[in-house]
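> Questions regarding the structure given below will be posed in turn.
Numbering (this note's numbering), first residue to last: 437 to 731.
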């Protein structure tokens, strides 16, 4: 059990990567070779039904759209055992638009190139009213990540520029490294694709400060990824919703820090509309509980 309070988590964040496990030797194919497919998680996906909002709106009509069984994948990596597990190895290796999970590398690049000074720098709201209320105010890197503020990150990308963005993404070995499309939206509707196993490979390198970026930049991004902390575990993660994909794809990627181990995870799933978004975390956490990673 962790003895420190949640308020202490941010202070200790820079120490966690070195205090839990010694960094392994990384190779470009290290993660991809050690994956096992398991069918024990199938029931979790089967029991979750995604009911499109359109169906809810048609409840007064004699016929309504049927709920859809969730289609997706969870990939887990046990760092102590150097072993990966997934319910669908084919889908785990299939590339999808990263959507807002790209805020992780985007933040790293912006920090490393000086586009963003630090986690406290304020980015003024442009005054344009958007449907997501939390976007309609000033933000810093921490709140921009927490509320997944797309306009802030689009401005980061524009200031980074195409040439520098392409070079940094290649140095990160991030997905297919294809930033074709609009510079300020290629992660939402462009050519870049990344798989669940590739997400985990990238996250493992970030955890150990092995990304081709400064240790300071990596530390700040990991601080911004803090999602949940209690006496049993810490979760650092990022959601994503590729609404312009067909079908739309939901993501949740990150890792769970325990006293004596780290579990990395990446889940993606087909989502007909925003009504299904909470299932990203719900399904992943049920899998983590089944595997006794979290209580």
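Positions of the beta carbon are idealized from the N, C-alpha and C atoms, including for glycine.
1. CA-CA distance, residue 642 and residue 621?
2. Thinking C-alpha only, which one of 658, 723 and 685 is nearest residue 693?
3. Taking its Cβ as the centre, do 16 or more other Cβ atoms sit within 10 Å of residue 515, making it buried, or is it exposed?
4. From residue 706 to residue 508, what does the alpha carbon distance come to, in whole angstroms?
5. Suppose contacts are defined by Cβ-Cβ distances below 8 Å. Is residue 477 in contact with residue 523 by that definition?
6. Compute the beta-carbon to beta-carbon distance between residue 647 and residue 608, rounded to the nearest angstrom, for a pair I have assumed lies under 8 Å.
7. Determine the direct distance from the alpha carbon of residue 645 to that of residue 459, and round the result to whole angstroms.
8. Since residue 723 and residue 702 should fall inside the 8 Å C-beta cutoff, what is the C-beta to C-beta distance between them, to a whole number of angstroms?
9. According to DSSP, simplified to helix, strand and coil, what is residue 493?
10. Per the contact definition of three or more C-beta pairs closer than 8 Å, is the region 619-634 in contact with the region 526-533?
11. Give the range of the beta strand (DSSP E) segment to which residue 512 is assigned.
12. Inspect the CB distances between the region 534-542 and the region 669-684 and report whether three or more fall short of 8 Å.
13. Going by the beta-carbon positions, is the gap between residue 551 and residue 577 smaller than 8 Å?
14. I'd like the list of long-range same chain contacts for residue 627, defined as Cβ closer than 6 Å, with 5 residues on each side in sequence excluded.
15. Provide the residue span of the beta strand (DSSP E) that contains residue 737, from first to last.
16. Mind reading off the beta-carbon distance from residue 727 to residue 512? Whole number of angstroms is fine, and I expect it under 8 Å.
According to the structure shown:
1. One alpha carbon belongs to residue 642, the other to residue 621, and they sit about 23 Å apart.
2. 658
3. Around the beta carbon of residue 515, 16 or more other beta carbons lie within 10 angstroms, which makes this residue buried.
4. 6 Å
5. yes
6. 6 Å
7. 9 Å
8. In fact, because the Cβ distance is near 12 Å, the residues do not count as touching under 8 Å.
9. Confidence in residue 493 is poor, its pLDDT being 49 and thus under 50, which makes the residue's placement too unreliable to answer from.
10. Touching, per the Cβ criterion.
11. 508-514
12. yes
13. no
14. 614, 616 and 617
15. Because the chain spans 437 through 731 in this model, residue 737 falls outside it and cannot be assessed.
16. 7 Å
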